[in-house]
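A.B. asks: Line by line, the protein sequences are chains A and B. What the first sequence shows, in our numbering, is residues 1 to 283, in sequence order. What the second sequence shows, in our numbering, is residues 1 to 482, in sequence order. Just so you know, even glycine gets a beta-carbon here, dropped at the ideal spot from N, CA and C. Nothing here was measured: the structure is a model prediction, and the numbers come from that model.
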Amino acid sequence: MELWFTEQHTKNVNFSIKVDRQLYHAKSEFQRIDIFDSPEFGKFLTLDGYMMLTDKDEFIYHEMITHVPMSVNPNIKKILVIGGGDGGAVRELCRYETVEHIDLVEIDEMVVAACKKYFPKVSCSLDDERVTIYYEDGLRFIRNKKNEYDLIIVDSTDPFGPGEGLFTKEFYGNCYKALNDDGIMVNQQESPFYSDDAFAMQRAHKRIVESFPISRVYQAHIPTYPSGHWLFGFASKKFHPVTDLNMNAWNMLSLKTKYYSTKIHVGAFMLPNYVKELLESVE
Amino acid sequence: MSKLNQDQAPILEALRDFKKMRVVPFDVPGHKRGRGNKELLDFLGEKCLTADVNSMKPLDNLCHPVSVIRKAEELAADAFGAAHAFFMVNGTTQSVQSMILSVCKSGDKIIMPRNVHRSAINALILSGATPVYVNPGMNHDIGISLGMSVSDVQKAIDENPDAKAVLVNNPTYYGVCSNLKEIIRIAHEKGILVIADEAHGTHFYFNDRLPASAMSLGADMASVSMHKSGGSLTQSSFLLISDTLSEGYVRQIINLSQTTSGSYLLMSSLDISRRNLALHGQEIFDKVIDYAADAREEINKIGGYYAFSDELINGDDVFDFDITKLSVHTRDIGLAGIEVYDLLRDEYDIQIEFGDIGNILAYLSVGDRRQDIERLVSALSEIKRRYEKDKSGMLSQEYINPEVVMTPKKAFYAEKVSLPIEESKGRVCSEFVMCYPPGIPILAPGERITGDILDYISYAKEKGCFLTGTEDSYTERINVIK
Chain A
1 MELWFTEQHT
11 KNVNFSIKVD
21 RQLYHAKSEF
31 QRIDIFDSPE
41 FGKFLTLDGY
51 MMLTDKDEFI
61 YHEMITHVPM
71 SVNPNIKKIL
81 VIGGGDGGAV
91 RELCRYETVE
101 HIDLVEIDEM
111 VVAACKKYFP
121 KVSCSLDDER
131 VTIYYEDGLR
141 FIRNKKNEYD
151 LIIVDSTDPF
161 GPGEGLFTKE
171 FYGNCYKALN
181 DDGIMVNQQE
191 SPFYSDDAFA
201 MQRAHKRIVE
211 SFPISRVYQA
221 HIPTYPSGHW
231 LFGFASKKFH
241 PVTDLNMNAW
251 NMLSLKTKYY
261 STKIHVGAFM
271 LPNYVKELLE
281 SVE
Chain B
1 MSKLNQDQAP
11 ILEALRDFKK
21 MRVVPFDVPG
31 HKRGRGNKEL
41 LDFLGEKCLT
51 ADVNSMKPLD
61 NLCHPVSVIR
71 KAEELAADAF
81 GAAHAFFMVN
91 GTTQSVQSMI
101 LSVCKSGDKI
111 IMPRNVHRSA
121 INALILSGAT
131 PVYVNPGMNH
141 DIGISLGMSV
151 SDVQKAIDEN
161 PDAKAVLVNN
171 PTYYGVCSNL
181 KEIIRIAHEK
191 GILVIADEAH
201 GTHFYFNDRL
211 PASAMSLGAD
221 MASVSMHKSG
231 GSLTQSSFLL
241 ISDTLSEGYV
251 RQIINLSQTT
261 SGSYLLMSSL
271 DISRRNLALH
281 GQEIFDKVID
291 YAADAREEIN
301 KIGGYYAFSD
311 ELINGDDVFD
321 FDITKLSVHT
331 RDIGLAGIEV
341 YDLLRDEYDI
351 QIEFGDIGNI
361 LAYLSVGDRR
371 QDIERLVSAL
381 SEIKRRYEKD
391 KSGMLSQEYI
401 NPEVVMTPKK
411 AFYAEKVSLP
421 IEESKGRVCS
431 EFVMCYPPGI
441 PILAPGERIT
451 GDILDYISYA
461 KEKGCFLTGT
471 EDSYTERINV
481 IK
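1) So which residues on chain B does residue 174(A) lean against when the C-beta distance must stay under 8 Å?
2) When you check each C-beta in the segment 185-201 of chain A against every C-beta of chain B, which residues fall closer than 7 Å?
3) Would you kindly report the start and end of the unbroken alpha helix (DSSP H) that includes residue 265(A)?
4) Name the two residues that bound the continuous alpha helix (DSSP H) containing residue 239(A).
5) For residue 221(A) versus residue 192(A), is the C-beta distance shorter than 8 Å?
6) Between the alpha carbons of residue 207(B) and residue 322(B), how many angstroms are there, rounded?
7) Are the Cβ atoms of residue 261(B) and residue 54(B) separated by less than 8 Å?
8) Going residue by residue through the segment 134-160 of chain A, where are the continuous alpha helix (DSSP H) segments of at least 4 residues, counting only ones entirely within it?
9) Anything in the segment 130-150 of chain A with a Cβ closer than 7 Å to a Cβ of chain B? List those residues in chain order, please.
10) Using DSSP bridges, identify the partner residues of residue 484(B).
11) Could you round the C-beta distance between residue 153(A) and residue 234(A) to whole angstroms and report it? I think they count as a contact, below 8 Å.
12) Per DSSP, which residues does residue 65(B) bridge with? Please list them.
13) Name, in chain order, the residues that DSSP records as bridge partners for residue 94(B).
14) Return the first residue and the last residue of the beta strand (DSSP E) that residue 51(A) is part of.
15) Hey, could you find the ends of the beta strand (DSSP E) residue 184(A) is sitting in?
16) Once the 5 residues before and after residue 132(A) are set aside, which same chain residues still bring their CB inside 6 Å of it?
17) Go to residue 435(B), then tell me how far its beta strand (DSSP E) extends in each direction, as first and last residue.
18) Please identify the residue among 390(B), 479(B) and 304(B) whose C-alpha is closest to the C-alpha of residue 470(B).
19) Among 344(B), 282(B) and 309(B), which residue has its Cα nearest to the Cα of residue 327(B)?
20) Just verifying my parser: in three-state terms, what is the DSSP assignment at residue 246(B)?
21) Could you tell me which chain B residues have their CB closer than 8 Å to the CB of residue 162(A), listed as they occur along the chain?
22) Can you give, in chain order, each stretch of the alpha helix (DSSP H) that sits fully within the segment 399-464 of chain B and has at least 4 residues?
23) Return the Cβ separation of residue 464(B) and residue 338(B) in integer angstroms, given the expectation that the two are a contact with Cβ distance under 8 Å.
24) Use the C-beta contact count for residue 259(B): other C-beta atoms within 10 angstroms, 16 or more gives buried, fewer gives exposed.
25) I'd like the span of the alpha helix (DSSP H) that includes residue 337(B), first residue to last.
26) Identify, in the order they occur along the chain, each residue of the same chain with its Cβ nearer than 6 Å to the Cβ of residue 268(A), setting aside the five sequence neighbours on each side.
27) Between which two residues does the beta strand (DSSP E) containing residue 223(B) stretch?
28) Under 8 Å between the Cβ atoms of residue 18(A) and residue 39(A)?
29) Given that residue 331(B) touches chain A, what residues does it touch there, using C-beta distances under 9 Å?
30) Would you call residue 21(B) buried or exposed, if buried means 16 or more other Cβ atoms sit within 10 Å of its Cβ?
31) Give me the subset of the segment 28-49 of chain B whose CB atoms are less than 9 Å from a CB atom of chain A, sorted by chain position.
32) Given a cut-off of 8 Å, decide if residue 85(B) and residue 484(B) are closer than it, judged by their beta-carbon atoms.
33) Could you round the C-beta distance between residue 245(B) and residue 80(B) to whole angstroms and report it? I think they count as a contact, below 8 Å.
34) Please classify residue 73(B) as buried or exposed, where buried requires at least 16 other C-beta atoms within 10 Å of its C-beta.
35) The beta strand (DSSP E) with residue 78(A) in it runs from where to where?
36) May I ask whether a heavy atom of the ligand HEM can be found less than 7 Å away from the beta carbon of residue 420(B)?
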């Protein structure tokens with residue numbers, strides 16, 4: 001018997017992982033949730049059939065979405081994570097003793113419950129006393145916040161389905177409002193490679209550029225996401241992600257990381273020409 | 001209320017059976033199930049084009065229904081509590097016009113509020129009926145026109161006891177209802193018929209938390225836009241009648257202007273949507289009511305905006321209010337409704353129903369999702385943060401009482417001359433001028449052009465309203481009576 005999980009990366013490209021067995025399946029109010037065990041990637045989580053994280057490569061995404069802003073402004077104390085119910089981003093943030101409080105806003109309580117059970121190494125910090133979890137629409141939560149956070153991490157699903165509202169201009173505008181003058185927003189920004197993903201990436205970039213004075217894009221290699229080439233957005237009111245990078249301060253912390261380093265940090269902002277062109281065309 | 005089994009959908013079932021027969025088409029439409037028009041087939045899909053068929057024995061004929069359409073009409077009549085329901089495929093515009101043409105001949109009087117949709121005044125041009133306008137009430141704080149007060153209708157009846165009918169909006173575009181029950185009582189007392197434009201009132205028939213529907217109150221006819229809150233395809237509609245009218249005569253009137261090639265896409269959508277509302281209307285509109293209440297509360301929390309609702313009810317010209325409507329007064333943030341409407345679309349990819357001088361209206365329905373409503377609220381919050389202005393110098397009035405000089409028909413067909421609009425003050429207009437949407441005329445044929453009206457038109461233009469109705473498509477010139 002052979003059992004395979006397949007995600008369509010485009011209408012003409014499939015990505016398949018051999019599955020040992022399915023561990024969990026549920027339909028929440030918002031989406032279908034599945035967790036599988038596989039020989040190559042260990043356990044992995046999919047939402048509505050789209051790959052969210054695997055045991056094997058989740059570190060790349062979670063390190064890159066957190067340590068990049070944390071090393072630019074070491075004084076970050078109050079953080080809002082939107083989406084990210086798996087707890088991976090929170091786990092990385094909780095490694096900083098200087099962080100005082102993290103609000104996690106996840107629309108789907110069932111995702112958090114499932115991840116706590118099946119991904120203990122990812123969700124391990126969700127019970128940290130500095131963390132408060134809100135189960136509600138991120139767009140609605142942030143609308144009522146003003147001048148409150150040092151950092152907002154938008155750890156969303158794709159720009160269709162329940163994560164749709166987190167790619168909109170009204171959302172980025174509300175993030176701007178919710179941040180203080182030192183504020184930074186980092187978001188997962190899809191891939192530049194396949195045309196549908198690239199279009200969503202450009203739309204997001206355009207809207208962020210319109211909402212923040214500083215807006216740069218950086219990249220990482222994530223094997224289980226479409227094309228493996230993934231982008232993140234870095235937007236802020238004041239800090240430049242490379243020229244304001246405080247390498248020494250971060251390295252003094254001696255945090256052990258598997259992907260992120262301050263050199264990778266600088267390199268990640270050096271984008272291929274075709275990606276630069278895609279971004280510049282909407283700036 | 002239903003006596004029939006509302007689980008059936010005769011047109012849908014007949015189309016399904018017909019598809020199974022694989023009948024070879026040597027009749028119209030010439031696209032022959034889409035095979036003759038590949039591009040159209042690719043765009044609309046096979047399911048759609050194989051249902052785009054002609055009238056034939058197993059599928060009945062809209063002009064003279066005797067089998068499945070007849071049965072579907074009986075089911076619709078049962079669901080809406082009418083003696084008969086007509087399937088309409090030329091829009092609610094045709095329903096409204098057929099109502100008026102059924103009750104008024106040339107020279108007959110009809111009492112109506114002036115804030116009607118253009119289709120009602122168009123019917124006066126077609127029929128030659130004389131309107132007796134009742135000026136609607138006004139709410140000056142939010143600048144909207146309301147329903148008719150019963151005393152104004154009574155006065156119009158007393159002054160025109162020979163009137164043939166009273167037309168009532170149930171509700172207005174903004175969701176305002178007149179005291180229809182009392183209007184029906186006083187009109188019927190004098191033998192005057194009551195016809196209702198329920199283009200925005202389909203849902204009243206299917207939920208007990210909403211204002212009363214016209215047919216339940218004893219109206220003689222009602223035009224119901226199923227394609228608005230009812231979920232059927234654009235352009236499909238129902239015309240409902242009570243047993244005071246002859247079904248056969250109304251059918252003859254409808255056939256004066258209705259196509260003889262009724263679209264089965266539209267008819268099946270009416271059939272399916274009627275079944276859905278009859279079976280699930282209560283829960284469907286409960287959900288919409290909750291969405292609207294939640295959205296209003298959140299919008300009012302932003303500050304500056306006023307999302308209004310049933311607190312406007314005053315027992316008279318706001319006798320009742322449709323709480324599924326999400327209307328927001330925007331003038332206090334220094335933006336005209338039309339400006340907010342444009343910002344929502346251009347900056348936030350959100351299309352709402354309309355924006356006029358002081359208000360916007362977002363149409364909520366069963367198809368909405370909570371997260372989309374949150375987007376609308378968030379975008380409004382952002383628009384206030386980014387675009388709020390001083391409100392001085394903004395026009396507040398949505399409605400100017402007209403001076404009617406001659407009937408719409410006489411004015412429309414009179415000898416006329418085209419003038420630059422700014423030179424037309426004092427003249428009698430021979431055509432319509434309106435913002436579309438909402439399509440309520442600022443000027444109708446036969447009305448005096450005043451300075452106030454010209455100021456209003458120029459302000460609406462400046463703010464970006466889409467002006468329609470005039471022969472000159474830019475509304476820079478206007479036709480006036482010679």
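C.D. replies: Taking the structure as given:
1) What residue 174(A) touches in chain B: 378, 381 and 382.
2) Answer in chain order: no residues at all.
3) Counted as a single uninterrupted DSSP element, the alpha helix (DSSP H) harbouring residue 265(A) occupies residues 262-268.
4) It is not in any alpha helix (DSSP H) - residue 239(A) carries neither H nor E in the DSSP assignment.
5) Cβ atoms of residue 221(A) and residue 192(A): not closer than 8 Å.
6) Straight-line Cα distance between these residues: approximately 11 Å.
7) Residue 54(B) is positioned such that its CB atom lies closer than 8 Å to that of residue 261(B).
8) Runs of the alpha helix (DSSP H) spanning 4 or more residues and lying entirely within the segment 134-160 of chain A occur at 138-143, in chain order.
9) Under the 7 Å Cβ criterion, the segment 130-150 of chain A contributes 137, 139, 140 and 143.
10) No answer is possible for residue 484(B): it lies beyond the span of chain B, which begins at 1 and ends at 482.
11) The distance from the Cβ of residue 153(A) to that of residue 234(A) is about 11 Å, inconsistent with a contact at the 8 Å cut-off.
12) Looking at the DSSP assignment, residue 65(B) forms no beta bridge with any residue, so it has no partner.
13) Bridge partners of residue 94(B): none, in fact.
14) Unbroken beta strand (DSSP E) run through residue 51(A): 50-54.
15) 179-188 is the span of the beta strand (DSSP E), which, as asked, contains residue 184(A).
16) Taken in chain order, the residues that qualify are 103.
17) Start and end: 433-435.
18) With respect to the C-alpha of residue 470(B), the residue from 390(B), 479(B) and 304(B) having the closest C-alpha is 479(B).
19) Residue 309(B) holds the alpha-carbon nearest to the alpha-carbon of residue 327(B) among 344(B), 282(B) and 309(B).
20) Residue state for residue 246(B) is assigned as coil, using DSSP reduced to three classes.
21) Residues of chain B passing the Cβ test: 371.
22) Entirely contained in the segment 399-464 of chain B, the alpha helix (DSSP H) runs reaching 4 residues are, in chain order, 408-413 and 451-463.
23) Sure, about 5 Å apart at Cβ, within 8 Å.
24) Its Cβ having fewer than 16 others within 10 Å, residue 259(B) is exposed.
25) For residue 337(B), the enclosing alpha helix (DSSP H) starts and ends at 337-348.
26) The beta carbon of residue 268(A) sits closer than 6 Å to those of 218 and 219, all from its chain and outside the five residues before and after it, given in chain order.
27) That run of the beta strand (DSSP E) goes 221-224.
28) Yes, these two residues count as a Cβ contact at 8 Å.
29) Chain A residues near residue 331(B): none, gap ~22 Å exceeds 9 Å.
30) Only exposed fits residue 21(B), as fewer than 16 other CB atoms lie within 10 angstroms of its CB.
31) Within the segment 28-49 of chain B, no residue qualifies.
32) Here chain B covers residues 1 to 482 and nothing more, so residue 484(B) does not appear.
33) About 15 Å separates the beta carbons of residue 245(B) and residue 80(B), which is beyond the 8 Å limit, so they are not a contact pair.
34) Burial of residue 73(B) is indicated by the presence of at least 16 other C-beta atoms within 10 angstroms of its C-beta.
35) That run of the beta strand (DSSP E) goes 78-83.
36) Judged by which ligands are present, the structure shown has none, so any question about the ligand HEM falls away.
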